[in-house]
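Colleague: First, the structure itself, so that you have it in front of you.
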């Protein structure tokens, strides 16, 4: 059995589900009383650490839904950090202690069926607590279902073997539900498992700030963990779980507000819609308005919105993107559409005159509004 790591609480090594699924949520009132964070609140990452963070943005299910290109980018970033060494002898550093949130794991299928089930749910948060300098040193993996439901804690007795390796042996686990006055035992007889309940965890990289950790387990799994996630990660996590999305967008754009409609060149590329505040469902109008599927923006201002309603089919709407000189917006003029199924292609008229505003854009994330609907895109 192998131990996993991450964020603010602990849990055994597992993995989650698709992140890209769109959550339908009606537009809510603007969050009031928000306080703009100070510059001192910003997280500091080295360039190699930033490359890892950006490689992980948009990865589904903590690694289960990773594409071959995403996996290649993550592995390259991990290797670069491991070569850079980070904190020497990390198990001797107090920075390894605390609560870590699991961000990414390779080979998530090595955990038990129950563990795999929990990790596959994006609305659950997975953490690992590491406390080695106590009378009872332990590594504890935690699955946090929600603040109102409860959590699963899987605990292991731990000891330090050397500057990188932690030895552990699982010895107890239980569910704690808010609606029950007692704990429910986890259905794994650790005492009967013998050596199967034992393992080790190597820390191959610990950042100088103590915020990023890369570990490898005895079954060959690589884990990426963080104590504090950066704003874009928090936003995508909210979209993935379907909870607090508008609040996360409000907080993010409050700090990262742009003063103009941005450089048009920053919009050029292919963008996957992650979330839209308003959507009528699976209608062709949603596709033409850019409230579903993928949007491609070319350097000459040509725009194409497309989606796949069902396997073998594709609905596409095309038009142009025009800058509005007197405002911080763009006009999106959609004119033509087509439904394609195999060799069959049926054109249809599209008459959409939309207004697009950019609230934030970088090399990975785009936040804005289209026809009064708030939208979040991920660059492909």
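Numbering (our numbering), first residue to last: 781 to 1160.
Cβ atoms here follow ideal geometry from the backbone N, Cα and C, with glycine treated the same way.
In the DSSP assignment, find the unbroken beta strand (DSSP E) run with residue 951 in it and report its ends.
Modeller: From DSSP, the beta strand (DSSP E) with residue 951 extends over 945–957.
Colleague: Suppose only complete runs of 3+ residues qualify. What are the beta strand (DSSP E) ranges in the stretch 1023–1110, listed by chain order?
Modeller: Qualifying beta strand (DSSP E) stretches, in chain order: 1049–1056, 1074–1077, 1082–1087 and 1093–1103.
Colleague: With H, G and I counted as helix, E and B as strand and the rest as coil, what does DSSP make of residue 837?
Modeller: Residue 837: coil per DSSP, three-state reduction.
Colleague: Could you name the residues of the same chain whose beta carbon sits closer than 7 Å to that of residue 1100, not counting the 5 residues immediately before and after it, in chain order?
Modeller: Cβ within range, chain order: 1081, 1082, 1083 and 1113.
Colleague: Using the Cα positions of residue 935 and residue 852, report the straight-line distance between them to the nearest angstrom.
Modeller: For residue 935 and residue 852, the distance between alpha carbons rounds to 33 Å.
Colleague: What is the DSSP secondary structure of residue 1134, reduced to helix, strand or coil?
Modeller: Note: residue 1134 maps to strand in three-state DSSP.
Colleague: From what residue to what residue does the beta strand (DSSP E) around residue 1010 run?
Modeller: Counting along the chain, residue 1010 falls outside any beta strand (DSSP E), and DSSP gives it neither H nor E.
Colleague: Mind checking which residues open and close the alpha helix (DSSP H) that includes residue 884?
Modeller: Per DSSP, residue 884 belongs to no alpha helix (DSSP H); it is in the beta strand (DSSP E), 878–885.
Colleague: Going by C-alpha to C-alpha distance, which of 927, 1036, 825 and 920 sits closest to residue 954?
Modeller: When only C-alpha atoms are compared, the closest one is 920.
Colleague: In terms of residue numbering, what span does the beta strand (DSSP E) encompassing residue 1155 cover?
Modeller: That run of the beta strand (DSSP E) goes 1153–1159.
Colleague: With distances taken between CB atoms, is the gap from residue 1130 to residue 1117 smaller than 9 Å?
Modeller: Their beta carbons are under 9 Å apart, which means residue 1130 touches residue 1117 by this criterion.
Colleague: Looking only at C-alpha atoms, which of 912, 967 and 1023 sits nearest to residue 947?
Modeller: Nearest of 912, 967 and 1023 to residue 947, Cα basis: 912.
Colleague: Just verifying my parser: in three-state terms, what is the DSSP assignment at residue 851?
Modeller: Residue 851 falls in the helix class under three-state DSSP.
Colleague: Since I believe residue 1145 is in contact with residue 1126 (beta carbons under 8 Å), could you give me their beta-carbon distance rounded to a whole number of angstroms?
Modeller: Their Cβ separation, rounded to whole angstroms, is 35 Å, which puts residue 1126 and residue 1145 out of contact at 8 Å.
Colleague: Helix, strand or coil for residue 858? Go by DSSP, reduced to three states.
Modeller: Three-state result, residue 858: helix.
Colleague: If the criterion is Cβ atoms closer than 9 Å, does the pair residue 1143 and residue 834 meet it?
Modeller: Yes, the Cβ-Cβ distance between residue 1143 and residue 834 is below 9 Å.
Colleague: Using the C-alpha atoms, what's the distance from residue 915 back to residue 842?
Modeller: Each residue's Cα considered, the two are about 33 Å apart.
Colleague: So, helix, strand or coil for residue 970, using DSSP?
Modeller: Correct three-state label for residue 970: helix.
Colleague: In whole angstroms, give me the CA-to-CA distance for residue 872 and residue 999.
Modeller: Straight-line Cα distance between these residues: approximately 23 Å.
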